[in-house]
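Here the protein sequences line up with chains A and B, keeping their order.
Letter by letter, the first sequence follows residues 8 to 264 of our numbering.
Letter by letter, the second sequence follows residues 88 to 414 of our numbering.
Notes follow the structure.
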Amino acid sequence: MSILKVEDLVCGYDRRKPVVKGVSFEVGDGQFVGIVGPNGSGKTTLLRAVTGLIPAFHGTITVGKNRIDHLERRELARRIAFVPQLMEPVDGFTVEDLVLLGRTPYLGRFAFEGPEDYEAVKWAIQELKIEGLKERPTTELSGGEFQRVAIARALAQEPKVLLLDEPTSHLDIRYQVNICKLLRKLRSHRSIVATFHDLNLASRFCSRLILMKNGELVAQGTPDEVVTPENIWTAYRIKVSVRKNLRTQKARYVLLP
Amino acid sequence: MKRKYSKQQSLIAILVLTLVLLLAMALSLLLGSVMLSPAELFKSEIFWQLRLPRVILSALVGLLLAVPGVILQGVLRNPLADPYILGVSAGGGIGAAVAIAFGLSFTVFGMSPIPLLAFACSLLAVYVVYKLAEIGGKTVPETLVLAGVALSSFCAAVLSLIVVVTGNLQAIYFWLLGSLAAASWSNVLTVLPYALLGIGVAFFYSKELNALLLGEDMAQTLGVDVEQSRFVLIGAASLMTAAAVSVSGLIGFVGLIVPHWVRLLIGPNHRYLLPLSALSGMLLLVVADVLARTILSPQEVPIGIVMSLVGAPFFLYLLRRRRTEGR
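Here you go:
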């Protein structure tokens with residue numbers, strides 16, 4: 008069943024020069040979809056439109072049964088959560104305080120956070136395996152630790168769809184794999200859409216890939232269908248051969264000499 | 088490392104501060120250039136018509152100066168934002184000066200010309216400074232402060248010009264220095280609604296202020312109407328500043344010192360930051376007013392001078408601390 012449906016989406020920052028030019032795709036329940044493509048291909052802009060941060064010039068975005076522009080802000084925030092590429096720590100906030108901000112769309116005007124809010128925070132913290140960091144000030148964490156905190160905050164929103172912009176690009180390879188494994192595990196609860204720089208990493212962990220160039224789709228499908236020498240030539244203008252990882256059976260590209 | 092605060096600690100802090108504030112107010116009522124025994128005090132004009140309204144007014148002005156600091160720092164995501172630094176107070180001062188100098192008297196919705204013009208000019212000042220400091224859709228902390236300083240100087244020049252042109256030196260100079268000497272029951276009644284409304288609005292929006300700690304985009308993905316919240320909150324902050332300026336002139340640094348001090352104690356959660364800053368602002372001004380009245384007794388030092396003597400060094404300390412943190 009599809010949770011998120013994007014139809015013929017045109018969006019950007021200037022109506023005359025859209026960044027995303029007519030993109031359609033669907034994200035099913037429990038899928039982990041990777042959006043890949045060269046710099047400036049419109050990956051981030053696409054994500055920002057899906058979160059409702061920028062309006063669609065044309066086309067529709069549907070989450071569950073409703074178009075996102077027909078949903079009330081708070082209701083949208085309960086369905087879609089966003090982890091930006093760079094989130095800043097909050098001076099004076101502990102990890103738990105920051106994750107608790109994820110409960111904002113559930114809070115009433117004067118109501119303080121209730122037991123169910125703390126329950127959701129506890130669950131998010133457990134899912135990301137950051138129980139040990141709970142009381143630590145957010146300003147004292149390493150990049151990899153803070154990225155997990157940022158994801159936990161989004162998870163505390165209990166969204167149907169979790170969107171992440173380049174969740175691995177500032178991390179060393181240990182944390183890149185660590186974050187991807189956590190995300191793959193999380194998709195049993197909800198659908199995940201993330202942009203990636205590293206095509207092989209995306210191929211290894213995502214259930215589906217969307218390859219973009221200049222705001223248009225080059226290919227979409229399973230990693231095997233998308234990671235082909237032809238598609239990579241179309242999108243990046245580099246010559247590669249594609250091998251199967253012997254243990255995981257996932258397609259990965261190798262640069263040709 | 089241990090967390091900086093908890094709900095319980097914050098509630099205890101609120102209770103303790105309230106008690107200290109009441110104590111300070113009581114003390115302030117007893118002290119003054121005329122020493123009276125408690126028995127005489129309750130029967131005297133001095134107590135009912137001078138000291139009591141003055142103590143209450145100083146507390147209200149403290150709230151009206153501290154809370155806009157919290158709001159502006161939150162909305163502009165800038166630890167250096169404060170009505171005085173940003174030139175909002177000075178803008179309001181021009182409004183008040185125009186109303187005094189030209190002896191205007193009219194009412195709009197029950198507001199007299201001094202707070203009304205002070206409010207209009209405060210809003211204009213906020214808009215100008217915010218626009219000046221905006222580079223590519225973002226306000227840069229240092230630019231914001233520079234724009235504020237420039238605007239303050241400009242407003243000071245305009246104020247001087249009004250003084251020269253109208254020859255109304257006495258009344259207008261009083262605004263520039265900041266003083267509570269004109270305290271009266273009617274002044275108390277003028278600012279009381281703004282104090283109640285302002286703290287109410289701020290508290291009403293504390294959830295939004297907390298979400299804005301993550302930046303405007305993140306706040307929006309958390310379901311916050313950023314545009315509307317910013318509009319309402321900056322409006323409330325300007326209104327409160329204007330109300331304070333209209334009765335006490337330009338008293339600086341309260342909105343800077345108080346929120347920073349409270350943040351160091353209990354962290355940036357606005358649910359606790361707002362009430363504690365309001366109480367601390369009240370306490371600070373009540374104490375500063377006692378000093379203003381007693382250090383050179385029987386002569387009175389304008390409270391604005393007392394606050395600047397304490398506030399300016401603290402502001403420099405904050406600037407240095409930011410630099411050593413490398414942010």
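For each residue, glycine too, the CB sits at the ideal point set by N, CA and C.
It should be emphasised that the depicted structure is a prediction, and the values quoted were computed from it without experimental measurement.
Cβ of residue i within 8 Å of any chain A Cβ
| i | result |
| --- | --- |
| Asp-169/B | no |
| Val-311/B | yes |
| Asn-297/B | yes |
| Met-305/B | yes |
| Phe-401/B | no |
| Pro-385/B | no |
| Leu-301/B | yes |
| Arg-317/B | no |
| Pro-346/B | no |
| Gly-161/B | no |
| Gly-356/B | In the sequence on display, residue 356/B carries Asn and not Gly. True, the Cβ-Cβ gap to chain A drops below 8 Å. |
| Arg-380/B | no |
Length of the line joining the Cα atoms of residue i and residue j
| i | j | result |
| --- | --- | --- |
| Lys-251/A | Thr-51/A | 29 Å |
| Val-102/A | Val-57/A | 27 Å |
| Leu-70/B | Trp-130/A | Nothing about residue 70/B can be read from this structure; chain B reaches only from 88 to 414. |
| Phe-290/B | Leu-309/B | 18 Å |
| Phe-340/B | Phe-402/B | 8 Å |
| Ala-379/B | Gly-336/B | 15 Å |
| Arg-194/A | Lys-141/A | 23 Å |
| Pro-125/B | Gln-164/A | 59 Å |
| Gln-96/B | Val-374/B | 24 Å |
| Val-397/B | Asp-376/B | 13 Å |
| Ile-61/A | His-77/A | 14 Å |
| Thr-175/A | Val-43/A | 13 Å |
| Gly-41/A | Ala-168/B | 41 Å |
| Glu-7/A | Leu-114/B | Residue 7/A lies beyond the range of chain A shown here (8 to 264); nothing can be said about it. |
Cβ of residue i within 8 Å of any chain B Cβ
| i | result |
| --- | --- |
| Thr-58/A | yes |
| Thr-51/A | no |
| Pro-174/A | no |
| Arg-155/A | no |
| Pro-112/A | yes |
| Met-219/A | no |
| Pro-122/A | no |
| Gly-71/A | no |
| Asp-36/A | no |
| Arg-197/A | no |
| Asp-104/A | yes |
| Val-26/A | no |
| Leu-162/A | no |
| Asp-21/A | no |
| Arg-152/A | The sequence shown places Glu at residue 152/A, not Arg. Closer than 8 Å: no. |
| Leu-83/A | yes |
| Phe-100/A | yes |
| Phe-4/A | Here chain A comprises residues numbered 8 to 264, so residue 4/A is not present and cannot be evaluated. |
Local Cβ density within 10 Å of residue i, reported as buried at 16 or more and exposed below that
| i | result |
| --- | --- |
| Asp-15/A | exposed |
| Lys-294/B | buried |
| Thr-145/A | buried |
| Leu-372/B | buried |
| Leu-147/B | buried |
| Thr-111/A | buried |
| Tyr-20/A | exposed |
| Met-88/B | For Met-88/B, the predicted structure reports a pLDDT of 35, less than 50, and the residue's modelled location is therefore unreliable. A value from the coordinates is still provided. Exposed: under 16 other Cβ atoms inside 10 Å. |
| Thr-255/A | exposed |
| Asn-46/A | exposed |
| Gln-257/B | exposed |
For residue i, the three-state DSSP class (helix, strand or coil)
| i | result |
| --- | --- |
| Gly-336/B | coil |
| Gly-310/B | coil |
| Gly-71/A | coil |
| Lys-246/A | coil |
| Asp-304/B | helix |
| Phe-402/B | helix |
| Glu-221/B | strand |
| Ala-237/B | helix |
| Gly-35/A | strand |
| Phe-189/B | coil |
| Lys-251/A | strand |
| Ala-207/B | helix |
Residue i beta carbon near the ligand ZN (any heavy atom closer than 7 Å)
| i | result |
| --- | --- |
| Val-215/B | Among the ligands in the structure shown, none appear at all, so the ligand ZN cannot be discussed. |
**Message:** Quick check for students: name the residue ranges of the alpha helix (DSSP H) that lie wholly in the region 187 to 216 of chain A, counting only runs of 4 or more.
**Reply:** 206 to 212
**Message:** Just to confirm the assignment: which complete beta strand (DSSP E) runs, minimum length 3, are found wholly within the region 115 to 156 of chain B?
**Reply:** none
**Uninterrupted alpha helix (DSSP H) stretches inside the region 115 to 171 of chain A (no shorter than 4 residues)** = 122 to 134, 150 to 162
**Asked** Quick one: complete alpha helix (DSSP H) runs, 4+ long, within the region 251 to 302 of chain B?
**Response** 256 to 264, 272 to 291, 293 to 299
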